[in-house]
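As structure tokens, the structure follows; a few thoughts come after it.
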Amino acid sequence: MKLSTRKLVAPLALPIAMSLSGFAFAQDLGERVPDIQIAYYAADMGPMYEQSARVLSEEWSKLGLSFKMQPVQFSTFISNIMVGGGLEDMAVFTVGADPDRVDPTYWLHDLGACGARRNGAKWCDEPYTEMVRKQRELVNTEERVALAKQAQQHFYDVMPWWPATNTVYGMVWNSDKWENVTSPEPVAAHEGLIDPWLSAKPKTDDRWFDWAHYEDVTTYNPMAEEGAVGWIRFVYDTFAKNNSKGETIPWAATSWEFVEPTTVKITLRENMKFHDGEAVTADDAVFTINKVVELQPPAMSSRISNLAGAEKVDDLTFNIKLKTPDASFITTVLPYAFILPEHHWANYEGDMVARDVVADGVVVGSGPFKFKTWRVNEVHELETFKDHFHAPEYDGVRRLALGQADAIRSAMISGTGDIATMVLPVAAMSDLANQYNQLEFKEIPSHGSMLVWLNNSKAPFTDPAFRKAMRMATSKERAAVEGWLGFAIPAAEGPVPRMLGMWYNSDLPEIAFDIDGARKVLEEAGYGWDSDGRLHYPKK
Amino acid sequence: MRAYILRRLAQSVLVVWAVTTIMFFMFRVMPADPTAMLLERGLSEQAREKLLQEWGLTGTLWDQYIAYLANILQGDFGNSFLYRKPVWDVLTPLIINTLWIAVPGLLLGAALGAVLGTAVGWARRGGKLERMGIFLATVIRGVPNFVIGIALLTIFSSTLGWFPEFGMGDPGDRTGFARYFTLEFLHHLALPLIAVIIYFMPENLLLMRSGVVENRTEDYIELVRAKGVPQSRVAWHAARNSMLPLITWLFPALAETIAGIVVIEIVFSWPGVGRELVFAVSRQDYPLAQAAFFLLAVMIVLANLAADLVYGKLDPRVVYK
Amino acid sequence: MTQANSTNEPVAIKGRSWLSAVGQSLRLVAGDSFALAGLTILFAFIVIAILAPYISPYEPFKAMMTETGRLNRLSPPTSAHLLGTTSFGNDVLSQFLHGFRIALLVGLVAAVAVGFISTVVGVISGYFGGYVDDILMRITDIALSIPTLPFAIVAVALLGPSVENIILVITILFWRNGARIIRSAVLTERERVYVKWARAAGASHFQIIMRHILPNIVRVIFLWVTMSVAFAVLTEASLSFLGLGDPTVVSWGQMLNTAFSSGNLRTAWWWVIPPSVALVMLVSSLYLIGRAYEEQTNPRLRVRK
Amino acid sequence: MNFTTFEKPGRKSTELAKLNDRLAAKPAAHLQVQNLSVGYSIARGIFQAVDDVSFEVKPGTNLGLVGESGCGKSTVIKAIMGLQPDGTRISGLALLNGENILGLSDRELQAIRWVKVALITQSAMNSLDPVYSIGDQIVEAIRSHENVSNATAWARAEELFALVGMPAARLYEFPHQFSGGMRQRAVIAMALALNAGMLLADEPTTALDPIMQSQIMQRIRGIHEHMRRSMILVTHDIAVVAETCENTVVMYAGKVAEKGPTEDVLERPLHPYTMGLKNAFPRLPVRGEPRQPLISIPGVVPNLFHPPKGCRFAGRCPFATERCHNDPPALVSEGMQAAACHYIDRASEFREAASRPETWRRMGSAA
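Heads up: the sequence lines are chains D, A, C and G, in that order. Letter by letter, the first sequence follows residues 334 to 873 of our numbering. Letter by letter, the second sequence follows residues 2 to 322 of our numbering. Letter by letter, the third sequence follows residues 9 to 313 of our numbering. Letter by letter, the fourth sequence follows residues 1345 to 1711 of our numbering.
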């Protein structure tokens, strides 16, 4: 009983091969192109990856290729394939719509530069790497945009890998009870954002905003926190926030400017208070930044690596020193870095990164919410901090750790939950809103992308013609519709998502889905097909 | 007696050590990387090294193992990678939550199974009650526990709306031990508890029934009948004797079922230790998963020990050697 | 049974034929109406499993499109899709039918493996006794202290979710109970007079095991294998339901997991009921067979005649 | 040792005295079994274990019920106690003091069992519940029928133990701590608990060694003489019957072969089976006469699925004729005695022949 679905050899391949190009005799050709492994996120990340990989490979197999499906658990995928260099042949996977990825550096540099940690496609192109390093240092936006676009063009010409779709997130909420639930597009509705969290307004006396979610928050110590924007950014203010237009707007800081390429002068908002009533001053900000630089908490390493320290200017102003010029600092670090109350931390003698702030009773920030209760794996409650400059118009927010989609759905129907943003598949959210009057659904198109990676250091992927053919045979449309149930958008060309607005190079010509064209490309490059319709390398 | 208990205890310690060792190496050879989540967010190589060191994941496997054992002997199971605090601090409330559905569920399941099993075992051989009893028990035994959970939720929550659909309580600020004694808690407890009972009962019923059937033809039952005591009393004698083999099965089964309750916890969104174990495994939180696993294994070992001792209490014929 | 007991002579000399032992087992089971129902269901399931690729109307993972070119999601049963479609637009009937294969594949292969290992360990331990027995039984003790489902979860997460690994994990988990049971059966057989005669007559250990011990414990092995099929099916279903199933194939547990994780569990009844009912039918029918068999072979449980 | 009564004088002991008085006032029972048939119905047909058996136990007398194993003796006892398994077909009457007790439900039997009819079971080895102390089991019997305190019932149990010659302290022990003989005595003590008018002793000594057997039988005889209860003693040991019972019923293959006063039946058996049985048991040699050889009856009891159509003993009877094989003999009375044999008139001739071993041996080789 061999499992037939494991190998996807499209039965269509043969007749197409026969009719289009006839088939060459084996002696005219090289070796058969071996089976290709497709790694993708296993079902623990949801069935979209499986479905997408299946749909995409179904089309690719029309080029005479055979595929082996290789589901990989998320963590294994990340450690082995994304940063571990363990990509065998191909991978179909997604990268999330984190708020700081509105900056092009992640897309251009982190995923593509020589030696970048997340360059799992093993592509190394020196001139390109030079360009993407440089763009990051250009504090002048115009210059930076121009260089970023140039890099995109270069990338497009080489085509080492490509995005297939952009993810559409969604949120569903109880519109009987809540209004002004705004979309955080193009960022997924991560907690800690203004939209929809802080803008939501209650329509009834139930003034607690219940978020029906999957898992627990694991810590209230921001130095130990893993997420980019996590829940605890509700408690601890950041200097800036990214809004739904992709702009970085003032938050705890009212203004910032590069006084030098490596020095940013930051002015704090006036009259801010911590939850215990103490005033927020530049001392607290400077203390926090210097502490972070000193301790180098591993969880924060990606964003603080370029920080050199901070120094106070006056009560509300201070300078942040960078190690190297970094234009992405504004979008990636300011909405991330937080302010700790110096008076609760300065005298702490233990390991600050490991401090159990809940047990110590020092979950004290200056954010729009105050910590109230945490029942492990069950519920978190944050109370509105009325003195905050952007306090929401309701009394508090709850995060229900329900652990499974079905319960999230039930919570939304029964009214226990007011909003659901993730975990529940977007299609299911949309279905829910169609079925229940009190529920409203909003799509959140994002820059999160499903990428098709090729092992650029291994044949046949070393051959530009082969890559081109694979690109042409990539059915973005099918992946979006069948893999993502329509809740994805076929991605544009180049590494940078279209949603990044000005950073996106819209001049790159769209490559249409074209199997016949792809076969022609292969044929012209000397490839051929045997009598079984299998693709063979050109004869050497 | 004392020598026997000591010997059994020594054996138990050996078994626990072996299981701990197996688990340790299993988690260490996992291909997954506990830093993966951070890596995706751009954890630097030095920071990763630092983290691994902090988590006791550097050095040779053997060194790690020795350190791990030494810590366990001091009752230190390490800090949860994710929660950043001692695993027991994380697990303790979850264990209590699990016990809330497990203990009453299993006890009621066992009691109900014993009573119904006696009834079916005492029914006329080949009669309707016996046949229906056996058939239903066998079929219910074949229902996977998540199907039980889904069915209960669909019928009693979604359709009839009698019980809440998830969780252990309404969202709110009730914390501490007092919350366990609220009507709201009991309301939430009902369905998962029923699920555990339904899950655990049939096997008890069938075992009890076999025991009663075996015992009812024994000579002593005839004498009890001849004494003219009420039928229920006669059945009690058969049941009382059938309980002996049931006990040896029951205790390990209790422990095993507690371990199996993870599925029920997930279906009902019950914040228990089993659900946390699944989360911990999927998030590579080794210390947490290892401690949860250790706990379950110890429970099974202790249950076996308890079964031995209780058997001795119930059966006057047993002499400990 | 009575015949076998009353003619001790030939048994002592020839031992029992395997075939007759197995045949007798089957006859015993067929005598019970519940077990007969169980066997019928099992047989029907096997037939469906074999025919699944031929009778399922679509490829199990093929996305169904509507005439307007949209994905045909969550359609209730129609004439084109007798059991409706999933939230991914897959045909439920086709997935359901393919599920028979996986359930039986996992169940049967794992059970045979479990039966083999349990028998080897149980026979060696019970027959030879002494240190071998001690060591094997301590190993069994240790194995018995491993919590089943948590171990399966960890092990599958470790090895990766594939049908082969799931079978392997199930085998690792269930040999232990079987070894215990078979060992005690062997202990009883070992003390029989004809075994002692055979030994006195110079038969080798291997001969004694093959001719005298094994045929007489076939019923115990048979029972354990039957139950193991049920355990294996249940374990696979639980793992798949937890999202640890092999994503490249369709199993019932996985169908339920997809329904569960997409939040359609309580609405898409056409998607949820078939795999649930099939699981219950398969496992229950195995239990019915096992129970009847136990009842027929345990003289104390038989209806007194 | 009798500390229960010693510790708690006063109310408890008066309760005990009252109980004892109440029980002592019970008369011995009169049992008439008429046309009792017991059949087990199973897939292959009906297994007629007991077929048309009648006998009578007069108050205060002791009836011996003898025969080989499988002759239906125990079935008769079980039928009287209502202990037959499910699906048993019973017909006939068992009149206890004139009231029929056959076919009563368990509930109805509650008023009869142990109150009026008590049982001394066959295998004392297994007939005590292993998980209760002996005392508890006796107390259970008493308190199920008499509304007395636990202490009183226990005190009564101590008295009963004294009666069977066991120290009261052993009431606290469990069956597995007793030897076979002690268990049997405990069972006897239990049977006496309510001083039932009718005692049914079902092979009370079978499982014991000969010395213990005679001790137990002596104990039973003593108790019988002392308490004058009516009693049926089931045994395959004809010597026991001779020593113990006023009347004897010999059963063969589910039917009464012969019955009558023990002396008559054993001295002048009318049925060849009785003669054969007599031969099969050792007797003390009578001075002056040649030592009697032990002669066993060749063959086995016929399969009761297919009982022979004539006399059931015909197949093993050295005197059987064509008629014996074809016509079932009726029970024919001769004085106090009765036997189911066509040739009662030739009984003395048979007795003569039956005492010679070759008579049976010839039979054995013929079979």
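Just so it is clear, CB atoms sit at the ideal spot from N, CA and C, and this is done for glycine as well.
So residue i and residue j are supposed to be a Cβ contact under 8 Å. How far apart are they, rounded?
i                  : j                  : result
Ile653 of chain D  : Val597 of chain D  : 5 Å
Ile1424 of chain G : Leu1544 of chain G : 6 Å
Tyr547 of chain D  : Leu735 of chain D  : 6 Å
Output needed for residue i: all residues of its chain with C-beta closer than 6 Å, excluding positions within five of it in sequence on either side, in chain order.
i                  : result
Asp254 of chain C  : Pro169, Ser170 and Val171
Asp720 of chain D  : Lys606
Tyr1384 of chain G : Phe1391 and Thr1432
Leu181 of chain C  : Thr156
Gln12 of chain A   : none
Specify the secondary structure class of residue i as computed by DSSP and reduced to three states.
i                  : result
Leu161 of chain A  : coil
Glu1602 of chain G : strand
Gly118 of chain A  : helix
Val114 of chain C  : helix
Ala1441 of chain G : For clarity, residue 1441 of chain G is Asn in the given sequence; the question names Ala instead. Looking at Asn1441 of chain G - three-state DSSP - the assignment turns out to be coil, as it is neither helix nor strand.
Tyr569 of chain D  : coil
Ile822 of chain D  : strand
Met755 of chain D  : coil
Pro404 of chain D  : strand
Thr462 of chain D  : helix
Leu61 of chain C   : Reading off the sequence, residue 61 of chain C comes out as Pro, not Leu. Helix at Pro61 of chain C.
Gly861 of chain D  : strand
Leaving out five residues on either side along the sequence, give the residues of the same chain with a beta carbon under 7 Å from the beta carbon of residue i.
i                 : result
Gly827 of chain D : Gln485, Phe488, Tyr489, Asn838 and Leu841
How big is the Cα-Cα spacing for residue i and residue j?
i                  : j                  : result
Thr10 of chain C   : Thr305 of chain C  : Because the pLDDT of Thr10 of chain C is 38, which lies under 50, any placement of that residue in the model is unreliable, and the question is left without a value.
Ile1639 of chain G : Leu1610 of chain G : 16 Å
Thr183 of chain A  : Arg42 of chain A   : 43 Å
Pro85 of chain C   : Pro283 of chain C  : 15 Å
Val114 of chain C  : Leu117 of chain A  : 33 Å
Thr427 of chain D  : Asp368 of chain D  : 23 Å
Pro68 of chain C   : Thr717 of chain D  : 50 Å
Gln864 of chain D  : Asn789 of chain D  : It is Ser, not Gln, that sits at residue 864 of chain D in the sequence shown. Looking at the two C-alpha atoms, the distance is approximately 29 Å.
Arg146 of chain C  : Val177 of chain C  : 20 Å
Arg184 of chain C  : Thr127 of chain C  : 10 Å
Leu74 of chain A   : Asp309 of chain A  : 26 Å
Val279 of chain A  : Trp271 of chain A  : 13 Å
Going along the chain, which residues of its own chain have a beta-carbon closer than 8 Å to the beta-carbon of residue i, five neighbours each way excluded?
i                 : result
Ile156 of chain A : none
Beta carbon of residue i: closer than 7 Å to some heavy atom of the ligand MN?
i                 : result
Asp286 of chain A : No copy of the ligand MN appears in this structure; indeed no ligand is present at all.
Task: Members of the segment 701-713 of chain D near chain A, C-beta cut-off 8 Å - done: Residues passing the 8 Å Cβ filter: Lys705, Thr706, Arg708, Val709, Asn710, Glu711 and Val712.
Task: Near-chain C residues of the segment 801-835 of chain D (beta-carbon distance less than 9 Å), N- to C-terminal order - done: Taken in chain order, the members of the segment 801-835 of chain D whose beta-carbon sits within less than 9 Å of a beta-carbon on chain C are Arg811, Val814, Glu815, Gly816, Leu818 and Gly819.
Task: Within 9 Å of chain C by C-beta, residues of the segment 226-259 of chain A in sequence order - done: Sequence-ordered contacts of the segment 226-259 of chain A with chain C read Pro253, Ala256, Glu257 and Ile259 [C-beta pairs closer than 9 Å].
Task: Where the segment 257-289 of chain C meets chain D: residues whose CB sits under 9 Å from a CB there - done: Listed in sequence order: Val257, Val258, Gln262, Asn265, Thr266, Ala267, Phe268, Ser269, Ser270, Gly271, Asn272, Leu273, Arg274 and Thr275.
- [ ] Would you list, in chain order, the members of the segment 528-558 of chain D that have their beta-carbon closer than 7 Å to a beta-carbon of chain A?
- [x] Per Cβ criterion, the list reads Asp543, Glu548, Thr551, Thr552, Asn554 and Ala557.
TODO: Compile a chain-ordered list of the residues in the segment 111-136 of chain A whose CB is closer than 9 Å to at least one CB of chain G.
DONE: Within the segment 111-136 of chain A, contact with chain G at the beta-carbon level (separation under 9 Å) is assigned to Arg125, Arg126, Gly127 and Gly128.
Task: Chain-ordered residues of the segment 294-312 of chain A with a beta carbon less than 9 Å from chain G - done: The residues in question: there are none.
Open item on the list: Residues of the segment 1470-1498 of chain G in Cβ contact with chain A at a cutoff of 7 Å, in chain order, please.
Closed with: Of all residues in the segment 1470-1498 of chain G, Asn1470, Ser1471, Leu1472, Asp1473, Pro1474, Val1475, Glu1484, Ala1485, Ser1488 and His1489 have a Cβ within less than 7 Å of some Cβ in chain A.
Task: Members of the segment 632-656 of chain D near chain C, C-beta cut-off 9 Å - done: From the segment 632-656 of chain D, no residue has a Cβ closer than 9 Å to chain C.
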